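Line order of the protein sequences matches chains A and B.
Per this note's numbering, the very first residue in the first sequence carries number 3; after that it's consecutive.
Per this note's numbering, the very first residue in the second sequence carries number 3; after that it's consecutive.
Note that beta-carbon positions come from the ideal geometry of N, C-alpha and C, so glycine has one too.
Because the structure is a prediction, the values reported are computed rather than measured.
Number of protein chains: 2
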Amino acid sequence: MAQESPTFSPLYRQIKNLMLQALEDGEWGPGDVIPSETELALRFSVSQGTVRKAVDELAADNLLLRRQGKGTFVASHDDPRAFFRFLRLVALNGEIGPSRSVPLECWRAKAGQEAARVLGIPLADPIIVVRRLLEFSGEPVVLDEIYLPGNTFSGISIEELKAWQGSLYSLFESRYGVRMIRAEERLRAVAADRTGAKLLKVAEGSPLLSVERVSFSYGDRPMEWRRGLYSTANHAYVNQLG
Amino acid sequence: MAQESPTFSPLYRQIKNLMLQALEDGEWGPGDVIPSETELALRFSVSQGTVRKAVDELAADNLLLRRQGKGTFVASHDDPRAFFRFLRLVALNGEIGPSRSVPLECWRAKAGQEAARVLGIPLADPIIVVRRLLEFSGEPVVLDEIYLPGNTFSGISIEELKAWQGSLYSLFESRYGVRMIRAEERLRAVAADRTGAKLLKVAEGSPLLSVERVSFSYGDRPMEWRRGLYSTANHAYVNQLG
DNA sequence: GAGTGGTCTAGACCACTGC
DNA sequence: CAGTGGTCTAGACCACTCG
Chain A
3 MAQESPTFSP LYRQIKNLML QALEDGEWGP GDVIPSETEL ALRFSVSQGT
53 VRKAVDELAA DNLLLRRQGK GTFVASHDDP RAFFRFLRLV ALNGEIGPSR
103 SVPLECWRAK AGQEAARVLG IPLADPIIVV RRLLEFSGEP VVLDEIYLPG
153 NTFSGISIEE LKAWQGSLYS LFESRYGVRM IRAEERLRAV AADRTGAKLL
203 KVAEGSPLLS VERVSFSYGD RPMEWRRGLY STANHAYVNQ LG
Chain B
3 MAQESPTFSP LYRQIKNLML QALEDGEWGP GDVIPSETEL ALRFSVSQGT
53 VRKAVDELAA DNLLLRRQGK GTFVASHDDP RAFFRFLRLV ALNGEIGPSR
103 SVPLECWRAK AGQEAARVLG IPLADPIIVV RRLLEFSGEP VVLDEIYLPG
153 NTFSGISIEE LKAWQGSLYS LFESRYGVRM IRAEERLRAV AADRTGAKLL
203 KVAEGSPLLS VERVSFSYGD RPMEWRRGLY STANHAYVNQ LG
């Protein structure tokens with residue numbers, strides 16, 4: 003027999019996609035309350051239980067945040083308690099100390115072959131490169147080199163970076179309307195080169211953790227390519243498996 | 003007003019706990035089909051929807067595996083498609099090749115302070131230490147040193163390890179009834195010592211990825227402490243954030 | 001066709017928040 | 001108190017698997 007519905011998609015998944023569209027379109031902005039489940043059920047002409055399942059998935063994807071008695075909110079990088087922090091560092095002894103981001107450089111360039119491929123933009127398109135240092139308790143721990151598509155982040159500058167209080171993703175979200183949804187990382191151990199060693203205050207050639215990350219916005223569009231060098235003398239990268 | 007139910011636990015969570023107990027007791031073994039949702043609903047005197055929600059969570063925890071039209075199965079490390087594989091390695095160029103585990107040593111010891119703490123056993127309790135090499139496409143990539151509580155894994159030997167075809171977790175599950183549920187990892191970059199360098203065929207002092215892992219069985223009981231040294235010359239440790 | 005998990009509904013009631 | 005998300009139910013029907 004012929005398959006009746008080869009691309010069967012349950013109702014709640016269709017509702018989820020409609021809501022994703024509303025999020026992407028900015029109908030509901032970061033931090034906003036979205037309409038209640040009963041309102042959404044009316045709007046989409048489905049039962050409240052079906053809306054619920056769509057919201058469940060969006061909440062599981064960390065795009066929405068439910069708060070009993072209050073409502074459902076659009077996740078925001080501004081809200082530290084809600085949105086995932088991509089940084090997976092812990093101090094070897096005790097909790098992680100106060101952090102500070104120190105922007106070092108910010109310059110324009112043209113996308114080379116690898117940057118174009120990773121960011122999904124044409125070769126020689128404008129890109130922006132940012133170098134910055136992350137400190138914990140005053141000690142340099144992470145040296146980041148960040149590649150951004152220049153057309154989207156055209157206004158970014160070293161002054162803006164230095165003035166910004168908060169995470170980079172918070173800046174991207176607030177100023178450039180780019181919300182990072184998920185990221186993929188590849189970790190390797192490498193030897194510190196001259197400049198890396200100097201900035202991280204370790205000996206040249208000493209082992210560093212190299213963390214290459216691609217961050218994606220809505221629709222799995224890559225919006226950031228980042229390479230971090232982590233000094234793991236006093237910190238470790240933690241991961242949960244299961 | 004006084005809180006009516008300070009330790010409120012929804013019905014489906016209680017059902018989940020009952021099912022967890024059944025799993026832990028071995029009433030349903032790895033690979034088995036568990037009773038259908040309607041049967042479970044009868045057994046626990048709740049509606050099918052409530053059972054469903056309990057099963058949903060157990061499936062999300064990777065303890066159960068749903069297969070539409072067939073039934074719900076207990077996840078097993080023997081089933082490569084179902085149970086999470088803890089190994090997060092990819093080849094830098096292309097997919098990962100055929101792997102082989104090469105047991106090097108297996109000896110008895112008494113738990114030192116750190117092993118006792120991590121494994122949650124008394125000081126000087128018997129432990130078993132295993133060293134093994136993991137090869138991909140014939141190249142040594144991971145050197146593991148594994149610490150196991152001796153009382154649980156008393157029968158393990160180098161001969162058994164060499165004879166076993168399959169993953170270590172599969173062995174633990176089949177022969178010792180220990181099913182690993184989740185694990186925590188801490189990653190750092192370290193310099194290769196003499197023996198590590200020799201076994202992994204890299205230069206002494208070259209950077210290696212150190213992966214320290216604690217694996218937990220039911221009830222969050224730690225059952226394995228493992229330290230792996232990964233050669234990341236041709237491979238990377240991948241991670242999904244989101 | 002029988003049995004399984006998967007979806008959807010409508011309605012009742014509970015727990016939490018804030019006015 | 002009203003409004004929100006959270007739980008639970010009972011029942012109908014759909015999609016998938018297998019004999």
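- Classified as exposed, F10 of chain A has fewer than 16 neighbouring CB atoms from the shown chains inside 10 Å of its CB.
- G71 of chain A and V143 of chain B have their alpha carbons spaced roughly 52 Å apart.
- Where R196 of chain A is concerned, the enclosing alpha helix (DSSP H) starts and stops at R196 to L202.
- Per DSSP, reduced to three states, the secondary structure at M225 of chain B is strand.
- In this structure, S169 of chain B sits near H79 of chain B, with a CB-CB distance shorter than 7 Å.
- One alpha carbon belongs to D34 of chain A, the other to E161 of chain A, and they sit about 29 Å apart.
- Listed as beta-bridge partners of N241 of chain B by DSSP are A:E187.
- In the assembly as shown, D146 of chain A is a buried residue. Its beta-carbon has 16 or more other beta-carbons within 10 Å.
- Of A:E141, A:G99 and A:L150, the smallest CA-CA separation from R119 of chain A is found for A:L150.
- Put simply, the backbone Cα of G96 of chain B is about 46 Å away from that of S38 of chain A.
- Judged by DSSP in its simplified three-state form, A235 of chain A adopts coil rather than helix or strand.
- For E187 of chain A, a Cβ of chain B is located within less than 7 Å of the residue's own Cβ.
- Here DSSP, grouped into helix, strand and coil, assigns E214 of chain A to strand.
- The stretch 219-228 of chain A makes no contact with the stretch 176-184 of chain B, as fewer than three CB pairs between them are under 8 Å.
- One alpha carbon belongs to L163 of chain A, the other to R134 of chain B, and they sit about 48 Å apart.
- Taken atom to atom, the span from the alpha-carbon of F46 of chain A to that of V57 of chain A is near 13 Å.
- A111 of chain B is outside the set of residues whose beta carbon lies under 7 Å from a beta carbon in chain A.
- One thing to note: A113 of chain A has its Cβ within 7 Å of the Cβ of I123 of chain A.
- C-alpha of I17 of chain A to C-alpha of N64 of chain B: approximately 26 Å in a straight line.
- Runs of beta strand (DSSP E) with 3 or more residues, each lying fully within the stretch 39-79 of chain A, are found at 66-69 and 73-76, listed in chain order.
- Counting only residues of its own chain and dropping the five nearest sequence neighbours on each side, R188 of chain B has a CB closer than 6 Å to the CB of E214.
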